[in-house]
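To convert, note that position 54 of the sequence shown is 54 in UniProt numbering; the numbers rise steadily by one, no gaps.
Just so it is clear, CB atoms sit at the ideal spot from N, CA and C, and this is done for glycine as well.
Heads up, the thing below is written out as structure tokens.
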Amino acid sequence: MTVAMEELPNDVASLKRIIFEQQERHRGEIDAAVKAAVAAILRRYYGPRSEKFDPRQLLLFGQRIDGANLDQASLEDELGEPLVTRRVKNRDKHGRQQLPEHLERIEIEHDLDSKVCPACGNERCRIGAEISEQR
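The structure is reproduced here in structure tokens:
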């Protein structure tokens, strides 16, 4: 907030009040910046290793980073490591594998003896089916 010299009051008490309000506002801004910096340092040194901070993620939450450098070198300096795109590795397939095609498939259907509903007397209809392969 800039004010021209002519707009300032000549009263000493009001000038003191203006200076005090500006100091309080400035102190609050400094306190918030220091707390954020301390939290970032603590998170960097004592936080989980699996959580990596990428400054570009701030864009997801609508935070303003107009003054931030988003070039490759500055991002690597901030992260402390080179940027790497995450690719899906060729992992060993685990778990139950598909049965070979040459094996015979036999369809077994388990059915009710009586399809008459004991409550209303109407015929019951199929509401689902489970398909599985066994060795």
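{"Item": "For E123 and K115, believed in contact at Cβ under 8 Å, the rounded distance", "Value": "5 Å"}
{"Item": "C-alpha distance - Q97 paired with E107, whole-angstrom precision", "Value": "20 Å"}
{"Item": "Whether L99 touches E130 by CB criterion (8 Å)", "Value": "no"}
{"Item": "C-alpha distance - P118 paired with G95, whole-angstrom precision", "Value": "42 Å"}
{"Item": "Same chain only: Cβ atoms within 8 Å of L15, ignoring 5 sequence neighbours per side", "Value": "L8 and P9"}
{"Item": "Backbone secondary structure at Q3 - three-state DSSP", "Value": "For the sequence presented, residue 3 should be read as Val rather than Gln. Coil, per DSSP."}
{"Item": "Which residues DSSP lists as bridging V116, in chain order", "Value": "E123"}
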